[in-house]
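So the sequence lines, in the order shown, correspond to chains A and B.
Take 175 as the starting number for the first sequence in this note's numbering and just add one per residue.
Take 175 as the starting number for the second sequence in this note's numbering and just add one per residue.
Glycine residues also receive a C-beta, built at the ideal position from the N, C-alpha and C atoms.
Heads up: the structure comes next, in structure tokens.
Protein chains: 2
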Amino acid sequence: MRNIVITFGIVCLCSLVLLQMAKVAVIKNTVPIEIIIGGFAGIFLVAGILIARRPAQRVVVVEAKAEPAVPAPPVAADAIDRRKIEELGISKREYEVLCEIALGLSNVEIAEKLFVSESTIKTHTSNLLMKLDAKRRTEAVATARELRVIN
Amino acid sequence: MRNIVITFGIVCLCSLVLLQMAKVAVIKNTVPIEIIIGGFAGIFLVAGILIARRPAQRVVVVEAKAEPAVPAPPVAADAIDRRKIEELGISKREYEVLCEIALGLSNVEIAEKLFVSESTIKTHTSNLLMKLDAKRRTEAVATARELRVIN
DNA sequence: AGGTAAATCATACTTTAGTATGAGGGCCAG
DNA sequence: CTGGCCCTCATACTAAAGTATGATTTACCT
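Here you go:
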């Protein structure tokens with residue numbers, strides 16, 4: 175939480191500094207106003223994207239709630255067994271990590287993809303290995319596939 | 175797809191209009207520059223957030239559309255492509271190791287199963303990773319499955 | 001016989017994975 | 001409002017995995 179406050183403070187300071195610089199530039203007419211506004215627009219566009227990606231959980235929740243609205247009576251050959259996931263006690267986040275592992279990503283890559291730290295991924299992975307009764311991620315993937323928990 | 179183009183066009187137009195309005199306002203000094211920049215920053219911050227959240231939904235849509243398209247192939251779903259194995263230059267022994275890796279075994283376990291030393295398995299694995307253009311055994315398994323080289 | 005590819009093994013490293021432990025914040029039901 | 005679950009992160013290890021290099025043996029082809 176401190177990190178958030180500190181980061182927020184730094185961002186505010188930088189914004190104010192940039193704002194003042196922009197103001198001076200505009201008044202002195204050294205830089206066209208379009209460039210200034212465009213620059214700020216770009217910066218905050220990126221900032222918005224970054225902010226939106228952090229709470230990835232909420233987006234996923236929306237997806238998860240939206241999917242049950244599509245009941246598929248004909249059981250496909252590669253249908254995943256959602257009950258099994260619950261039985262195994264695999265949480266949403268853990269399941270996401272499991273899927274990324276199955277795609278062959280490393281912990282660092284998964285961390286970057288899910289916008290969390292590597293240690294978080296390690297924790298999830300460790301829990302997954304316990305819940306799937308596996309000793310390695312490759313075994314976890316094999317077991318999960320057999321249990322129809324992933325495709 | 176048209177929607178995307180149309181939306182993009184509208185957004186561009188609106189941006190230009192707003193930019194001109196801002197320019198005039200600044201020149202006439204009717205609105206402080208801080209407010210202008212702040213407004214643009216806010217707009218694009220929100221835009222960034224919206225952009226970042228969209229892809230999550232599209233994935234679901236794509237999946238939903240992908241499922242009905244599946245029941246077409248007359249070929250067995252789990253047929254392995256032997257030609258591909260040759261193309262990749264994977265030798266007999268390497269293929270055996272690949273299969274064991276896919277089952278989730280460790281190098282030591284594979285070595286015991288195939289009655290060779292661990293270093294031999296490491297050599298085979300290393301060669302496999304090159305031939306499958308993978309960085310990890312999990313990625314090798316994922317790639318091999320995709321290429322229908324293993325089940 | 002000589003060249004080649006495969007398979008085997010080893011040694012020495014570097015890099016990932018995985019374990020253990022502790023800790024803080026968010027959320028929700030009781 | 002408290003306990004439990006989830007998610008997050010960090011640190012410090014231990015254990016695997018993967019790389020690089022070199023060497024030996026075998027089988028096969030020309």
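Given that a residue counts as buried once 16 or more other Cβ atoms are within 10 Å of its Cβ, and exposed if not, what is residue i?
i: T312(B); result: buried
i: N281(A); result: buried
i: E274(A); result: buried
i: A316(B); result: buried
i: R319(A); result: buried
i: L306(B); result: buried
i: T204(A); result: exposed
i: I209(B); result: exposed
i: G326(B); result: Here chain B has residues from 175 to 325 only, and residue 326(B) is not among them.
i: A196(B); result: buried
i: Q231(B); result: Reliability of the predicted coordinates at Q231(B) is poor, the pLDDT of 28 falling under 50, and no value is obtained from them.
i: A253(B); result: exposed
i: V198(A); result: exposed
Compare the C-beta of residue i with all C-beta atoms of chain A and state if any pair is closer than 8 Å.
i: T299(B); result: no
i: A253(B); result: no
Please check if any C-beta of chain B sits within less than 8 Å of the C-beta of residue i.
i: I264(A); result: no
i: L193(A); result: yes
i: F214(A); result: yes
i: Q231(A); result: Summary for Q231(A): the model assigns pLDDT 32, below 50, so the residue's position carries little reliability; its value from the coordinates is reported in the next sentence. Answer no: the Cβ-Cβ gap between Q231(A) and chain B never drops below 8 Å.
i: P242(A); result: With a pLDDT of 37 at P242(A), under the threshold of 50, the modelled position of this residue cannot be trusted; read the value that follows with caution. By this cut-off, P242(A) is not an interface position.
i: A285(A); result: no
i: F289(A); result: no
Please list the partners that residue i has in chain A, where partner means a Cβ-to-Cβ separation under 8 Å.
i: T317(B); result: G278
My guess is that residue i and residue j are in contact by the Cβ rule of under 8 Å, so how many angstroms apart are they, rounded?
i: L302(A); j: E268(A); result: 5 Å
i: N289(A); j: A215(B); result: It should be noted that the sequence gives Phe, not Asn, for residue 289(A). F289(A) to A215(B), Cβ: 22 Å. No contact.
i: V323(A); j: K258(A); result: 5 Å
i: A308(B); j: T294(B); result: Not a contact, Cβ separation roughly 19 Å.
i: V191(B); j: I207(A); result: With a Cβ gap of about 15 Å, V191(B) and I207(A) do not count as contacting.
i: L193(A); j: D255(A); result: About 54 Å separates the two Cβ atoms, so there is no contact after all.
Going along chain A, which residues have a C-beta under 9 Å from residue i?
i: I207(B); result: L193, A196, K197, V200, I201, I207 and I210
i: E260(B); result: Residues of chain A passing the Cβ test: none, with the nearest at roughly 23 Å.
i: E268(B); result: None at all; the shortest Cβ gap to chain A is about 16 Å.
Could you name the residues of chain B that residue i contacts, counting a contact when the two beta carbons are closer than 8 Å?
i: I275(A); result: T312
Could you check whether the Cβ of residue i sits closer than 7 Å to any heavy atom belonging to the ligand NAP?
i: I201(A); result: Ligands displayed in this structure: none; no statement on the ligand NAP is therefore possible.
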